[in-house]
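Protein sequences, first through last, are from chains A and B.
Convert by adding 649 to the 1-based position in the first sequence; the result is the number in my numbering.
Convert by adding 12 to the 1-based position in the second sequence; the result is the number in my numbering.
To start, the structure itself, in structure tokens.
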Amino acid sequence: MTIAVLLKQVPDTTAKIAVSGGRVDQSSVAKWSTSPYDEYALEYALQLKEAGGGDLVAITCGPARSSKMLTDAAAVGVDSMLHVVADTSEMDSTQIQSILAAAIKHCGAEIILCGKQAADTNSGSTGPGVASLLGASCVGMVSEVGIEGDGFIAQRGISSGDERVVVSKPCLFTFDKGLTELRRPNVKGIMMAKKKVIESVSAGDLGVDLGESGVKINSHAPPPEKPPGQKFEGAESVPTVVAKLREEANVI
Amino acid sequence: MDITIIAESNGNELHPVTSQLVGAASTLGGTVTVLCPGGIGEKEASEISGVAKVVSLKGDCFSSFDSGAWSHVMTPHCGDGIVMGSSSPSGRELAAQIASKMGVPVVQDLTGIDNGLMMTRSIYSGKAVETSNASGSCVITLRQNAFEAASLGGSAEVVTVDSSSEVSVAVKEAIAKAGERLDVSEADIIISGGRGMGDPANFSHLNEVADIIGAAVGASRAAVDSWDEIPHSMQVGQTGKTVNPSLYIAVGISGAIQHLAGMRSSKYIVAINKDPDAPIFGVADYGIVATWEEALPSLRDELANL
Ligand SMILES: Cc1cc2nc3c(=O)[nH]c(=O)nc-3n(C[C@H](O)[C@H](O)[C@H](O)COP(=O)(O)OP(=O)(O)OC[C@H]3O[C@@H](n4cnc5c(N)ncnc54)[C@H](O)[C@@H]3O)c2cc1C
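Dropping the structure here:
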């Protein structure tokens, strides 16, 4: 059984985002991290491997700096790493998905875990799109997954609450915040990870013909400035605020 | 141009966001077809003005959510132009699957689109805004409450199609929602509590206010992580829900960047915090520097007297 976890390196959630020349200025990002939901995918991928055996491969598609994230994943127990080196910032969903689907096939994985959306694009297209390309069952908004019989049991969120669903491989899970703590690497893990070799390929090496992006980014801009708010001292101002909510804002 | 809308359902009814999708489609111009998975809301959809045709998709696969099976049945009914859905979690999943089966790109969670198909969306959790253009067919999802709803008064024909697909995600057990309360992602008014509430039992004060104005109750991650009584389903922010209500009231929440990521696009924000320097005041339209112990009883009474 080969398990793949898809990871994306994004600006840390605390990082300031600056825009210059109509694009987010990647060079000004102070700290890069693994996208938060991907960390839950990684944690459950490790748990599946521990429970059922098999190989766990971490896959990313991104620029050279992303390899650090793969080494971090190796430090908590990932067996092998595949880095498709590419600048994804102007790619559309079809291009990214075809690279990742090819990368997964390259590794022979039939169980795939990823985050429900990345913290930079905030889209949530990659997991389900890749599942579709691979003909794998897709379970979204997962908070927990385990092995059941020959298949898997996952808890997922749907609009009416949560439910537990069963699937068999090939299958893909996209993770919401999980019901568990994330593990941290220990010194031994970090030392071992440094010795592991990352397989580094291009989209072309995987036989992917990217073609043109079907979506052209026109520009990035800082969010619109909000006019400064009004601030009141003390609970005695509550009636004033309620009156304003009714008369100025018209929301109650 | 053909515009195919994927109706969003809410239990056995049409979700109100569906009218917003039709409203947005009408500003683009084109022939609007609404697909109703499982036939849910077919009659309501046919009464939305601007809808030319409703395709009611009946089949066993629609009894539970399986984006693979659903998209397999739905994709052949999607026209060449624009396919449009809601950016709810299931809406996004379905949109991505349909786009992949059509071989076209998907652009999620738009907050604006104009008739030149210039699309606006927020990226980096609200820290930047992206505008982009699709060069051909594409699938898009729209953020709830960001578009004007179309009115009623239509009378579109309803075509029923029976087709199913093999379901590969089998539901074993449903886990009921923790409470009867409105979900934050559905609410037009939200009152959220943070670590400053001191104790989960004190959320009863937020519930009281919420009951008066029909609000949902949300929470910060610190509240969710500290107290088992506060479920993750209530969490607003980067690793919780992104909300877009008319009014968001933050109580005892400092306003960490990851919390703001989930609520800064709210139309109006009220903050109640005892610390005058709390960052939440930076995004609040109306800030009240006070403890919740002092402010909430007064808020409850004032709202009850409206
Ligand atoms: C990857 C990542 C993802 C995250 N995702 C999220 C997320 O989705 N959502 C989220 O909320 N956070 C998230 N966080 C956590 C975030 O950084 C903050 O830690 C969290 O939002 C703080 O919650 P808080 O404001 O309730 O608590 P605190 O920061 O402890 O603030 C408590 C506030 O209450 C005020 N207060 C205290 N007593 C009273 C009183 N009696 N009356 C009135 N006010 C009072 C204090 O002045 C203070 O401002 C994330 C962090 C990381 C690293």
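All C-beta atoms, glycine included, are put in the ideal place defined by N, C-alpha and C.
Please read all numbers here as calculations on a predicted model, not as lab measurements.
*Enumerate, from N- to C-terminal direction, the unbroken alpha helix (DSSP H) stretches of 4 or more residues contained entirely within the stretch 240-299 of chain B.*
269-275
*Three or more C-beta pairs closer than 8 Å, one from the stretch 104-113 of chain B and one from the stretch 725-737 of chain A: is that the case here?*
no
*Span of the alpha helix (DSSP H) holding H217/B?*
215-225
*Quick one: any contact between the stretch 262-269 of chain B and the stretch 776-794 of chain A, if contact means 3 or more CB pairs under 8 Å?*
no
*Since Q658/A and S742/A are thought to touch, with beta carbons under 8 Å apart, how far apart are those beta carbons, to the nearest angstrom?*
Contact flag wrong, Cβ pair sits at about 18 Å.
*asked:* Just to confirm before moving on: does the CB-CB distance between L259/B and V282/B stay below 8 Å?
replied: yes
*asked:* Tell me which residues share the same chain as F293/B and place their Cβ nearer than 6 Å to its Cβ, disregarding the 5 neighbours each side in the sequence.
replied: A283, G299
*Check whether the stretch 872-879 of chain A touches the stretch 61-78 of chain B, taking contact to mean three or more Cβ pairs, one atom from each stretch, closer than 8 Å.*
no
*For my contact list, V815/A and A186/B are in at a C-beta cut-off of 8 Å; report their separation, rounded to the angstrom.*
With a Cβ gap of about 13 Å, V815/A and A186/B do not count as contacting.
*asked:* Considering only the alpha carbon of each residue, which of D287/B, L154/B, E198/B lies closest to G810/A?
replied: E198/B
*Residues in the stretch 86-120 of chain B with C-beta within 9 Å of chain A's C-beta atoms, listed in sequence order?*
S99, S100, P101, S102, R104, E105, L106, A107, A108, Q109, I110, A111, S112, K113, G115, V116, P117, V118, V119, Q120
*Nearest-angstrom Cα separation, counted from L697/A out to I83/B*: In the sequence as presented, Ile is not what sits at residue 83/B; that position holds Ser. So the two alpha carbons sit approximately 28 Å from each other.
_Please report the straight-line C-alpha distance between G165/B and P712/A, rounded to a whole angstrom._
52 Å
*Kindly examine ligand 1 and report whether one of its heavy atoms sits closer than 7 Å to the Cβ of I284/B.*
yes
*asked:* Considering only DSSP beta bridges, list what V788/A is partnered with.
replied: F822/A
_alpha helix (DSSP H) segment containing D14/B, residue limits_ = D14/B -> not in any alpha helix (DSSP H); beta strand (DSSP E) instead, spanning 14-18.
*Pull every residue with its beta-carbon under 5 Å away from any heavy atom of ligand 1, and keep them in chain order.*
T662/A, P685/A, G206/B, R207/B, G208/B, S232/B, R233/B, A234/B, G249/B, Q250/B, T251/B, G252/B, G264/B, I265/B, S266/B, A268/B, Q270/B, H271/B, N285/B, K286/B, D287/B, A290/B, T303/B, W304/B
*Does S137/B get closer than 8 Å to chain A when you measure Cβ to Cβ?*
yes
*Tell whether a beta-carbon distance below 8 Å holds between V196/B and M246/B.*
yes
*Quick one: measure Cβ to Cβ for G53/B and E25/B, integer angstroms, because I've assumed they're closer than 8 Å.*
6 Å
_For H755/A, the first and last residue of its enclosing alpha helix (DSSP H)_ = 742-756
*On a CA-only basis, which of G35/B, A37/B, K70/B is nearest S177/B? Give me that one, please.*
K70/B
*Under a three-way DSSP split, which group does G711/A fall into?*
strand
_Using only the alpha-carbon positions, how far apart do E699/A and D825/A sit?_
21 Å
*Is K818/A close to chain B, meaning its C-beta is less than 8 Å from at least one C-beta of that chain?*
no
*Quick check: the stretch 683-697 of chain A against the stretch 783-802 of chain A, are there 3 or more CB pairs under 8 Å?*
yes
*Could you say which of S167/B, D72/B, I269/B, L154/B lies nearest to R133/B if we only look at CA atoms?*
L154/B
*Euclidean distance between Cα positions of A81/B and E812/A*: 18 Å
*asked:* Against chain B, with Cβ distances strictly below 8 Å, would V887/A count as a contact?
replied: yes
*At 8 Å on the CB atoms, spell out the chain B contacts of I631/A, in chain order.*
Residue 631/A lies beyond the stretch modelled for chain A, which goes from 650 to 901, so this question has no answer here.
*Are C820/A and V788/A touching if we call contact CB-CB under 8 Å?*
yes
_Give me the chain A residues within the contact set of S68/B, using Cβ-Cβ distance strictly less than 8 Å, ordered along the chain._
Here the premise fails: no neighbours, minimum Cβ distance about 20 Å.
*Inspect the beta-carbon positions of G138/B and V116/B and report whether they are closer than 8 Å.*
no
*Run down chain B in chain order and give the residues with a C-beta less than 8 Å from the C-beta of T902/A.*
Any answer about residue 902/A is impossible in this case: the structure gives chain A only from 650 up to 901.
_Is there a Cβ of chain A sitting closer than 8 Å to that of H244/B, yes or no?_
yes
_Three-state secondary structure (DSSP) of E160/B_ = coil
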